[in-house]
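Numbering (the working numbering), first residue to last: 6 to 276.
Note that CB positions come from ideal geometry on N, CA and C, so glycine has one too.
These notes are about the structure you will find just below.
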Amino acid sequence: MPELPEVEVTRRGIASVLQGLRIEAVVLGKPLRWPLGIEPQALAGRTVAEVQRRGKYLLLVLDAGMLLVHLGMSGSLRWRPGPPPPGPHDHFDLVTAQGTLRLHDPRRFGAVVYVQGLQDPRARKLLGRLGAEPLSEGFLFEDWYAALRQSRQAIKPLLLSGRVVVGAGNIYACEALFRAGIRPTTPAARIGPVRARRLYDALRAVLGEAVDCGGTTLRNFSGAGGDAGHFQEYAQVYGREGQPCRTCGSPVRMLRQGQRSSYYCPHCQRA
DNA sequence: CAGTGGGCCTGAGTGC
DNA sequence: TGCACTCAGGCCCACT
Numbered sequence: 006m007p008e009l010p011e012v013e014v015t016r017r018g019i020a021s022v023l024q025g026l027r028i029e030a031v032v033l034g035k036p037l038r039w040p041l042g043i044e045p046q047a048l049a050g051r052t053v054a055e056v057q058r059r060g061k062y063l064l065l066v067l068d069a070g071m072l073l074v075h076l077g078m079s080g081s082l083r084w085r086p087g088p089p090p091p092g093p094h095d096h097f098d099l100v101t102a103q104g105t106l107r108l109h110d111p112r113r114f115g116a117v118v119y120v121q122g123l124q125d126p127r128a129r130k131l132l133g134r135l136g137a138e139p140l141s142e143g144f145l146f147e148d149w150y151a152a153l154r155q156s157r158q159a160i161k162p163l164l165l166s167g168r169v170v171v172g173a174g175n176i177y178a179c180e181a182l183f184r185a186g187i188r189p190t191t192p193a194a195r196i197g198p199v200r201a202r203r204l205y206d207a208l209r210a211v212l213g214e215a216v217d218c219g220g221t222t223l224r225n226f227s228g229a230g231g232d233a234g235h236f237q238e239y240a241q242v243y244g245r246e247g248q249p250c251r252t253c254g255s256p257v258r259m260l261r262q263g264q265r266s267s268y269y270c271p272h273c274q275r276a
């Protein structure tokens, strides 16, 4: 599940190759989550200026307009020389003379959306309510702590919502809470400054380390070069229900919050 | 307004 | 072996 690290790994893999390239054609497969929002042929002739990231969105900034790319649950982008024939799960090709950027997404929760700029209503709708970038210098502990005090939600769904801080999906939210020693069910407002600081540090550490690992490959994520990530080898609780905690040996527990599984160690995460 | 739960989609895994 | 069923989950949206 592409979370912030997987998207950032993808961005790093395509940014330098795409920069300055001219789009020859855009080829669509089956419908993705949202319509592209422009006729594909209207993109031919434009060039890619740079590739940015905001939360779990990739921003392909063109000389005019930009493409917002979301990998959803099962999406991955790959850069390949030449125009290989599309498979049944390839739903977006950005074709250049030097190679093709391809979105492969079996579940089609992903999307590519054209907007004129960040002020485009569609961009504002998708990006406008996103919280802070956890790895940026603009993510301040004071703001984080203040936001926690203001929320009546349990900390885990608050992390997943992306409203305070973006980028953590189920895996990294579970892992960050484990490192901070905080239960997924703890109301955000009941987390004091010391524990809030621990979670703030843990979130940044987990996401940063995952980027360095090339992301997490559980089923089929791979970077733009096709290489798998290996952060999953370092997971302490995620997906480990019933197995001994690597710190204290207690069996890892799983509970449901909303429709999501939360994994935690009842001993290391006391409250 | 904040918070909760439904639904999108398909491959992998499970049980009979 | 094969079929029916459940699960995985990011995120928008309808609803409370």
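Open item on the list: Using only CA atoms, which one of Glu138, Val66, Lys61 lies nearest to Gly220?
Closed with: The shortest Cα separation from Gly220 among Glu138, Val66, Lys61 belongs to Lys61.
Cβ contact (3+ pairs, closer than 8 Å) linking the region 186-206 and the region 151-161: Yes, they touch.
- Item | Through-space distance from Ser255 to Met78, alpha-carbon basis | Their Cα atoms are separated by approximately 31 Å.
| task | Consult DSSP for Val120 and reduce its assignment to one of helix, strand or coil. | result | Three-state result, Val120: strand.
Helix, strand or coil at Ala279 according to DSSP, with G and I counted as helix | Limits of the chain in this structure are 6 at one end and 276 at the other, which puts residue 279 out of reach.
Shorter than 6 Å, the distance from the beta carbon of Trp84 to the closest heavy atom of the ligand ATP, or not?
For the structure depicted, the ligand ATP is absent and the ligand set is empty, with no information on it obtainable.
Quick check: the Cα distance between Ala118 and Gln46, rounded to an integer number of angstroms? Per the sequence shown, residue 118 should be read as Val rather than Ala. Across the structure, Val118 and Gln46 are spaced so that their CA atoms are roughly 14 Å apart.
(Q) Applying the 10 Å Cβ sphere with the 16-neighbour rule, what's the burial state of Tyr239? (A) Burial call: exposed.
So does the region 102-111 actually touch the region 139-146, counting three or more Cβ pairs closer than 8 Å? The region 102-111 and the region 139-146 do not touch, with fewer than 3 CB-CB distances between them shorter than 8 Å.
### Task
With a 10 Å radius around its C-beta and 16 neighbouring C-beta atoms as the bar for buried, classify Glu180 as buried or exposed.
Glu180 should be labelled buried.
Starting from Ile28, trace the beta strand (DSSP E) in both directions and tell me its first and last residue. Looking at the DSSP string, the run of the beta strand (DSSP E) that includes Ile28 is 28-33.
Checklist entry - In terms of residue numbering, what span does the alpha helix (DSSP H) encompassing Arg127 cover? => result Run containing Arg127: 126-132, per the alpha helix (DSSP H) assignment.
*asked:* Can you tell me which residues form a DSSP beta bridge with Pro93?
replied: Pro93 is not bridged to any residue.
**Q.** Residue closest to His75, alpha-carbon to alpha-carbon, out of Ala69, Leu65, His272
**A.** It is Leu65 whose Cα lies nearest to the Cα of His75.
Which first and last residues belong to the beta strand (DSSP E) in which Arg85 is found?
-> Counting along the chain, the beta strand (DSSP E) containing Arg85 begins and ends at 81-85.
- Using a threshold of 7 Å, state whether the C-beta atoms of Arg58 and Glu11 are closer than that. No, Cβ-Cβ distance for Arg58 and Glu11 is not below 7 Å.
With 16 other CB atoms within 10 Å as the buried threshold, where does Gly263 fall? Exposed, since its Cβ has fewer than 16 Cβ neighbours within 10 Å.
- Item | Distance between Gly104 and Arg85 (C-alpha atoms, nearest Å) | Rounded to whole angstroms, Arg85 to Gly104 spans 6 Å at the Cα level.
- Query: Cα-Cα, which of Leu182, Val120, Leu135, Ser81 is closest to His3?
  - Reply: Here the chain covers residues 6 to 276 and nothing more, so residue 3 does not appear.
> What first and last residue would you give for the beta strand (DSSP E) that runs through Gln57?
Replying inline: Per DSSP, Gln57 belongs to the beta strand (DSSP E) from 53-59.
**Local Cβ density within 10 Å of His96, reported as buried at 16 or more and exposed below that** = Looking at its Cβ environment, which holds 16 or more other Cβ atoms inside 10 Å, His96 is buried.
- [ ] Can you tell me which of Leu41, Gly122, Gly42 puts its alpha carbon nearest to the alpha carbon of Gly70?
- [x] Closest in C-alpha terms to Gly70, from the list Leu41, Gly122, Gly42, comes Gly122.
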